[in-house]
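A.B. asks: Here this note's numbering is used: the first residue of the sequence shown is 1, the next is one more, and so on.
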Amino acid sequence: QARVLEDLRRDAGSRSDGQTPDRCMTWEQLRTMGRAGMEIGSHALSHRSLSRLPPDEAVREIRQSKARIEQEMGDRCRHFSFPFGSRRDYNDALIVAVGEAGYATCALNIHGYNHLDEELFALKRIIMLPSSNPATLLG
């Protein structure tokens, strides 16, 4: 019985110690998604909070992740999302750096609705939880 539970945990992406393993997609999986019409955006190189890095290192993360995705995908990378994306994970200088790197938009992990006159480099999200009502998406 314990072995069956461990197999189920592994297949579901969790471990017996309660930690979730890193399950990144491969470049081939991403290329398949791209060919199917999905846009692949950037999330920095190392998934660290960029505001906690030295500024030059944070800018390098933003620029090099874009270049790597474009190289691997053979297409433009137009969208960026800050790792973690809370108010403590980005700042105005980093948002400027995202624009200067050539991205068209930037998403944050801030709950809320976006309006037509709002900044494209500070896009909010509707954060859905297992307990959320899908009608929330309708505003």
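All C-beta atoms, glycine included, are put in the ideal place defined by N, C-alpha and C.
From what residue to what residue does the beta strand (DSSP E) around residue 123 run?
C.D. replies: Translated into positions along the sequence shown, residue 123 becomes position 123. Taken as a continuous stretch (DSSP letters only), the beta strand (DSSP E) holding residue 123 covers 123-125.
A.B. asks: Apart from the five residues just before and just after residue 65, which ones in its own chain have a Cβ nearer than 6 Å to its Cβ?
C.D. replies: What you label residue 65 is simply residue 65 of the sequence shown in a count that begins at 1. For residue 65, where only same-chain residues beyond five positions count, the Cβ hits under 6 Å are 42, 44, 45.
A.B. asks: Can you list, in chain order, the residues of its chain whose CB lies under 7 Å from that of residue 76, leaving out five sequence neighbours each side?
C.D. replies: Numbered from 1 along the sequence shown, position 76 holds the residue referred to as residue 76. These residues qualify, in order along the chain: 70.
A.B. asks: Return the CA-CA distance between residue 108 and residue 128, expressed in angstroms with no decimal places.
C.D. replies: Walking along the sequence shown from the start, residue 108 turns up at place 108. Walking along the sequence shown from the start, residue 128 turns up at place 128. Distance between the alpha carbons of residue 108 and residue 128: 14 Å.
A.B. asks: Would you kindly report the start and end of the unbroken beta strand (DSSP E) that includes residue 108?
C.D. replies: Locating residue 108 in the sequence shown gives position 108, counting from the first residue. 105-111 is the extent of the beta strand (DSSP E) around residue 108.
A.B. asks: Is the Cβ-Cβ distance between residue 106 and residue 80 less than 8 Å?
C.D. replies: As a first step, residue 106 must be located in the sequence shown, where it is residue number 106. As a first step, residue 80 must be located in the sequence shown, where it is residue number 80. It is a contact, given that the beta carbons lie within the stated cut-off.
A.B. asks: Kindly indicate which three-state DSSP category residue 49 falls into: helix, strand or coil?
C.D. replies: Numbered from its first residue, the sequence shown carries residue 49 at position 49. DSSP places residue 49 in coil when its eight states are reduced to three.
A.B. asks: Please confirm whether residue 40 and residue 30 have their CB atoms less than 8 Å apart.
C.D. replies: The residue given as residue 40 occupies position 40 in the sequence shown. The residue given as residue 30 occupies position 30 in the sequence shown. In contact: residue 40 and residue 30 (Cβ atoms closer than 8 Å).
A.B. asks: Ignore the nearest five residues each way along the sequence and tell me which others in residue 137's own chain have a CB closer than 7 Å to its CB.
C.D. replies: Reading the sequence shown from its first residue, position 137 is the one you call residue 137. Cβ within range, chain order: 126.
A.B. asks: Return yes when the Cβ of residue 94 is within less than 8 Å of the Cβ of residue 104, no when it is not.
C.D. replies: Here residue 104 corresponds to residue number 104 of the sequence shown, with the count starting at 1. Here residue 94 corresponds to residue number 94 of the sequence shown, with the count starting at 1. Cβ distance not < 8 Å, so residue 104 and residue 94 don't count as in contact.
A.B. asks: Quick one: give me the first and last residue of the beta strand (DSSP E) that residue 65 is part of.
C.D. replies: Along the sequence shown, read from residue 1 onward, the residue named residue 65 stands at position 65. Element bounds for residue 65: not the beta strand (DSSP E) but the alpha helix (DSSP H), 55-73.
A.B. asks: Starting from residue 131 and walking both ways along the beta strand (DSSP E), at which residues does that stretch end?
C.D. replies: For this step, residue 131 is matched to residue 131 along the sequence shown. Looking at the DSSP string, residue 131 is not in any beta strand (DSSP E), and its letter there is neither H nor E.
A.B. asks: Count the other CB atoms, across all protein chains shown, that sit within 10 Å of the CB of residue 90; report buried if there are 16 or more and exposed otherwise.
C.D. replies: Taking the first residue of the sequence shown as position 1, residue 90 is located at position 90. Residue 90 comes out buried.
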